[in-house]
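Input: a single structure, listed below in structure tokens.
Protein chains: 2
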Amino acid sequence: MTQITKIGEFGLIERIRKFIKTDASVIKGLGDDCAVLKFDKNRYQLFTCDMIIENTDFTLQDNPYLIGRKAIAVSISDIAACAGLPRYCLVSLGMPGNTSVEFIDKLIKGMLSLARKYNINIVGGDLSRARLLSVDISMLGFVEKKNLVLRSGARIGDIIFVTGELGGSILGKHLKFTPRLKEARFLVRNFKVNSLIDISDGLAPDLGHILEQSSVGAIIYEDLIPLSKPRTSGAGRGKQACTLKDALYMGEDFELLFTLSRNDAKKLLLKRLTNFQPIGEITREIYGLRLVDKQGREKVIKPGGFHHF
Amino acid sequence: MTQITKIGEFGLIERIRKFIKTDASVIKGLGDDCAVLKFDKNRYQLFTCDMIIENTDFTLQDNPYLIGRKAIAVSISDIAACAGLPRYCLVSLGMPGNTSVEFIDKLIKGMLSLARKYNINIVGGDLSRARLLSVDISMLGFVEKKNLVLRSGARIGDIIFVTGELGGSILGKHLKFTPRLKEARFLVRNFKVNSLIDISDGLAPDLGHILEQSSVGAIIYEDLIPLSKPRTSGAGRGKQACTLKDALYMGEDFELLFTLSRNDAKKLLLKRLTNFQPIGEITREIYGLRLVDKQGREKVIKPGGFHHF
Numbered sequence: 001m002t003q004i005t006k007i008g009e010f011g012l013i014e015r016i017r018k019f020i021k022t023d024a025s026v027i028k029g030l031g032d033d034c035a036v037l038k039f040d041k042n043r044y045q046l047f048t049c050d051m052i053i054e055n056t057d058f059t060l061q062d063n064p065y066l067i068g069r070k071a072i073a074v075s076i077s078d079i080a081a082c083a084g085l086p087r088y089c090l091v092s093l094g095m096p097g098n099t100s101v102e103f104i105d106k107l108i109k110g111m112l113s114l115a116r117k118y119n120i121n122i123v124g125g126d127l128s129r130a131r132l133l134s135v136d137i138s139m140l141g142f143v144e145k146k147n148l149v150l151r152s153g154a155r156i157g158d159i160i161f162v163t164g165e166l167g168g169s170i171l172g173k174h175l176k177f178t179p180r181l182k183e184a185r186f187l188v189r190n191f192k193v194n195s196l197i198d199i200s201d202g203l204a205p206d207l208g209h210i211l212e213q214s215s216v217g218a219i220i221y222e223d224l225i226p227l228s229k230p231r232t233s234g235a236g237r238g239k240q241a242c243t244l245k246d247a248l249y250m251g252e253d254f255e256l257l258f259t260l261s262r263n264d265a266k267k268l269l270l271k272r273l274t275n276f277q278p279i280g281e282i283t284r285e286i287y288g289l290r291l292v293d294k295q296g297r298e299k300v301i302k303p304g305g306f307h308h309f
Numbered sequence: 310m311t312q313i314t315k316i317g318e319f320g321l322i323e324r325i326r327k328f329i330k331t332d333a334s335v336i337k338g339l340g341d342d343c344a345v346l347k348f349d350k351n352r353y354q355l356f357t358c359d360m361i362i363e364n365t366d367f368t369l370q371d372n373p374y375l376i377g378r379k380a381i382a383v384s385i386s387d388i389a390a391c392a393g394l395p396r397y398c399l400v401s402l403g404m405p406g407n408t409s410v411e412f413i414d415k416l417i418k419g420m421l422s423l424a425r426k427y428n429i430n431i432v433g434g435d436l437s438r439a440r441l442l443s444v445d446i447s448m449l450g451f452v453e454k455k456n457l458v459l460r461s462g463a464r465i466g467d468i469i470f471v472t473g474e475l476g477g478s479i480l481g482k483h484l485k486f487t488p489r490l491k492e493a494r495f496l497v498r499n500f501k502v503n504s505l506i507d508i509s510d511g512l513a514p515d516l517g518h519i520l521e522q523s524s525v526g527a528i529i530y531e532d533l534i535p536l537s538k539p540r541t542s543g544a545g546r547g548k549q550a551c552t553l554k555d556a557l558y559m560g561e562d563f564e565l566l567f568t569l570s571r572n573d574a575k576k577l578l579l580k581r582l583t584n585f586q587p588i589g590e591i592t593r594e595i596y597g598l599r600l601v602d603k604q605g606r607e608k609v610i611k612p613g614g615f616h617h618f
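In the order they appear, the protein sequences are chains L and V. Quick note: the first sequence uses the working numbering, first residue 1, plus one each step. Quick note: the second sequence uses the working numbering, first residue 310, plus one each step.
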């Protein structure tokens, strides 16, 4: 008997993937932020689900409004990572019998705050009694065929960008982040985005996903990685700044990580927008994932990151 | 502070429903077996999710192959209850770190057994560490506009039918049932089905859903209700037959409950098919839900049934 902790989360996903075959109506199955399905002449349908569980993704000391908000935001971020727009969702709630009605009211209001903002219809769900609170959201969205971006399109020479700041999850950002839907749509409307993912596992592992699926390597520069600054109201470590390690491996930043050709990167930089930061370059696969530190030393780093198992 | 056990599962659903508004692209939101969404000229899209949790819906002593099979079958049954065909699903697994790889392999194989049989693409999912094993399936399907049947269309004078046998959940059927997809499709192709639901909560509560949403009453006959017979290989109570109470309130039969006009009912009965059994008639709302027992005594019964809270 082998415990799943032995083969790890990605080992398990790999194992499951081998069992599964899909037909021609599935443009992309397992392995991206959303499943991509045939829809109509101009659009694909996007289909994704994410479960958040007490003590792993939040605690009961957190504001239930923010827990509900996060449950929805995580799935919106997956739709953004395929450059689409969310439209419908179902909510599966698992909860103990002693949960209070007031708690659930706040949870639902947190969900609705983002559902309304992004035009998402909550169209059903499922309630179960469970020992720990869990919220599983499955979401449907759409993306114009010409705008779909996957993890697999990065090319050697591409410039690597991130939105916002990284590593702030421990400062409480994981409960308050804004999914980067607007930014993703801006990018695909104005540029040819070659690859795109949201940073849920951490910069290093999520860049690792792009590298693996695009069969390329990358070099990133410590100096260029935008670290989250603590706010006076921040929870967690209070006013302590977060570290490079937080940015690389902490996860739950839900910022976008994407690559553009040099030409498009220049065009983006000329717009002098503060919310897109170049952090490195796509290289040949053989170089792996490399980091240049503040002293100019280059080293190979492991994708690593948060794993459930 | 009010605990959710005070207002109950349906009280909670009612409470959530009040918060939620949907736009014109949602044909049916909360309150049926599936959400029904606009799709194309001839078809609607069906969208449903169901979570099964250790110790509520199965135990770790059950065969993992059958647990996986059940997770998928429950959602297929929801699609059947809207007279549609399933096409895609996502799988969210929550599980403890000491789960064995062999266990997960069997779980996945159980899912695939039904996915292959019914042409369903497993297109993604989500893994989380959790204290108890849970499997949440979200499923997409389609139904031709002319074939969609909801809970809300029952008419006074309709004959009430069920498929198969009821009350067998405790004999182990809840892990081995065949979702009634074929039967649902046969019915909508040959008859005008006025209302349709799958029996997941129990005959009485699920008939109660039809009555409530159709604003009608019903009378059913104990003599006509087909009770499950124990099989030699049956788990649970062994060879003891199940009771009327099991059929009315146990739930997890996953048979279909539907109503046809008298004319269509006659046509169906003339086909002399053994898998459709008339059990009663739709009446005016004021009569509520009535049962005629074997002695011919008529009494009003409560919908009742299994509730998580």
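Beta carbons: idealized from backbone N, C-alpha and C, even for Gly.
task = Output, in chain order, the set of chain L residues within a Cβ distance shorter than 8 Å of threonine 314/V.
result = Gly97 and Asn98
message = Classify arginine 87/L: buried if its beta carbon has 16 or more other beta carbons within 10 angstroms, exposed otherwise.
response = Counting the other CB atoms within 10 Å of its CB gives arginine 87/L a total of 16 or more, which places it among the buried residues.
task = Check glutamine 522/V in the structure and name its three-state DSSP category.
result = helix
ask   = Between the C-alpha atoms of leucine 629/V and isoleucine 313/V, what's the straight-line distance to the nearest angstrom?
value = Within the shown structure, residues of chain V are numbered from 310 to 618, placing residue 629/V beyond reach of any answer.
task = Answer with buried or exposed for asparagine 263/L, where buried requires no fewer than 16 other C-beta atoms within 10 angstroms of its C-beta.
result = exposed
ask   = Would you say asparagine 119/L touches the ligand PLP, meaning its beta carbon is less than 8 Å from a heavy atom?
value = Because no ligand of any kind appears in the structure shown, any question about the ligand PLP cannot be addressed here.
ask   = Would you say cysteine 49/L faces chain V, with C-beta separation under 9 Å as the test?
value = yes
Option nearest threonine 311/V by Cα separation, candidates Gln45/L, Thr99/L and Tyr118/L = Thr99/L
Three-state secondary structure assigned by DSSP to asparagine 42/L = Note: asparagine 42/L maps to coil in three-state DSSP.
query = Who are the neighbours of glutamate 453/V on chain L, taking C-beta pairs under 8 Å?
reply = Within chain L, no residue has its CB atom less than 8 Å from the CB of glutamate 453/V, the nearest being about 17 Å off.
ask   = Hey, is alanine 439/V's beta-carbon within less than 9 Å of any beta-carbon in chain L?
value = yes
ask   = Opposite glutamate 298/L in the DSSP bridges: which residues?
value = Val292/L
message = Quick check: the stretch 150 to 162 of chain L against the stretch 275 to 288 of chain L, are at least 3 beta-carbon pairs closer than 8 Å?
response = yes
message = If the cut-off is 7 Å on Cβ atoms, which residues from the stretch 110 to 123 of chain L count as contacting chain V, listed in chain order?
response = Leu112, Asn121, Ile122 and Val123
Neighbouring residues, chain L, relative to glutamate 411/V (Cβ below 8 Å) = Within chain L, the residues near glutamate 411/V are Met1 and Thr2.
query = Can you tell me whether DSSP reads leucine 148/L as helix, strand or coil?
reply = For leucine 148/L, the secondary structure class from DSSP, reduced to helix, strand or coil, is coil.
message = So, does the stretch 431 to 450 of chain V touch the stretch 493 to 503 of chain V, judging by three or more C-beta pairs under 8 Å?
response = no
key: glutamate 281/L: first and last residue of the uninterrupted beta strand (DSSP E) it sits in   = 276 to 283
request  = Check whether the stretch 483 to 494 of chain V touches the stretch 530 to 538 of chain V, taking contact to mean three or more Cβ pairs, one atom from each stretch, closer than 8 Å.
outcome  = no
request  = Give the range of the alpha helix (DSSP H) segment to which leucine 421/V is assigned.
outcome  = 410 to 426
query = DSSP on isoleucine 446/V, reduced to helix/strand/coil?
reply = strand
message = I want to see whether chain L comes within less than 9 Å of valine 497/V, judged by CB atoms only; does it?
response = no
key: Contact under 9 Å by Cβ, alanine 344/V with leucine 60/L   = no
query = Are the C-beta of tyrosine 88/L and some C-beta of chain V separated by less than 9 Å?
reply = yes
message = Just checking: is the beta-carbon of valine 162/L within a distance shorter than 9 Å of some beta-carbon in chain V?
response = no
ask   = In three-state DSSP terms, what is glutamate 54/L?
value = strand
key: 9 Å Cβ cutoff, isoleucine 286/L in contact with chain V   = no
request  = Starting from lysine 485/V, trace the beta strand (DSSP E) both ways and give me its first and last residue.
outcome  = Looking at the DSSP string, lysine 485/V is not in any beta strand (DSSP E), and its letter there is neither H nor E.
ask   = Given histidine 483/V, which residues of its chain have a CB within under 6 Å of its CB, disregarding the five upstream and five downstream residues?
value = Within the same chain, histidine 483/V has close Cβ partners Glu561.
Per-residue contacts from glutamate 255/L into chain V (C-beta, under 8 Å) = In chain order: nothing, as chain V lies at least about 20 Å away.
inquiry  = Any beta carbon of chain L sitting closer than 9 Å to that of threonine 331/V?
reply    = yes
task = Output yes or no for whether 9 Å exceeds the beta carbon distance between asparagine 456/V and arginine 498/V.
result = yes
message = Among the candidates Gly403/V, Ala333/V and Asp349/V, whose CA atom is the shortest distance from the CA of valine 123/L?
response = Ala333/V
query = Around the C-beta of lysine 70/L, are 16 or more other C-beta atoms found within 10 angstroms, so that it is buried, or is it exposed?
reply = buried
request  = Provide the residue span of the alpha helix (DSSP H) that contains phenylalanine 618/V, from first to last.
outcome  = First-last for phenylalanine 618/V: undefined, no H or E at that position.
inquiry  = Quick check: the Cα distance between serine 524/V and proline 612/V, rounded to an integer number of angstroms?
reply    = 14 Å
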